[in-house]
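So the structure is just underneath, and the comments pick up after that.
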Amino acid sequence: MRNKEDLHLRTLLMEEMMKELQEQRDELRQDAKKNIQNIQAENKRTYDRKCRNAPSYQRGDLVVIQRTQFGTGLKLRPRFLGPYRIVKVKPRDRYDLEKVGEIFGPRAIELGKNKDWRLESASQREFKCKFR
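Per our numbering, the sequence shown starts with residue 1056, numbered consecutively.
The structure is reproduced here in structure tokens:
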């Protein structure tokens, strides 16, 4: 037979179990939050270690650009096209370029991924490059 004390005892036990369950869930949430913050901090450190500022160029500088089209027969071609002269400097490290000399590649392009063009000798007009 049930009496009022059994019902009261049962409600007290249920309330205690609910509190304990809620505390366990809160602890799990806090642990998950700490783990997420640790992983995000590690990801930020890794990203910041590899991230570099883009080099800035002035009008008139010579640069080469990386070949973006790959396909058959291009395996033995140079990886970079150029030299190109910077005609216009745009915001966010973007540049308008024009061809210098008789080279393979587009005449005028907008530059995003580039490299410095270094001449071996200032008196030479033959374009022999030495990359940094």
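Cβ atoms here follow ideal geometry from the backbone N, Cα and C, with glycine treated the same way.
Chain-order list of residues whose beta-carbon lies under 8 Å from that of residue i (same chain, five-residue window excluded)
{"i": "R1114", "result": "I1141, V1142, K1143, V1144"}
Residue i and residue j closer than 7 Å at C-beta
{"i": "D1148", "j": "A1109", "result": "yes"}
{"i": "R1122", "j": "L1136", "result": "yes"}
Close-in-space but distant-in-sequence residues of the same chain around residue i (CB under 6 Å, 5 per side omitted)
{"i": "G1128", "result": "none"}
Coil, strand or helix - residue i by DSSP
{"i": "E1060", "result": "helix"}
{"i": "K1148", "result": "According to the sequence as given, residue 1148 is Asp; it is not Lys. Of the three classes helix, strand and coil, the one that applies to D1148 here is coil, per DSSP."}
{"i": "K1130", "result": "coil"}
{"i": "E1157", "result": "coil"}
{"i": "Y1139", "result": "strand"}
{"i": "Q1077", "result": "helix"}
Nearest to residue i (by Cα), restricted to the options the options
{"i": "I1158", "options": "Y1150, Y1139, L1152", "result": "Y1139"}
{"i": "V1119", "options": "G1126, R1134, C1106", "result": "R1134"}
{"i": "Y1150", "options": "T1123, Y1112, N1090, K1099", "result": "Y1112"}
Near the ligand SAH: residue i beta-carbon under 6 Å from a heavy atom
{"i": "R1107", "result": "The ligand SAH is not part of this structure, which contains no ligands at all."}
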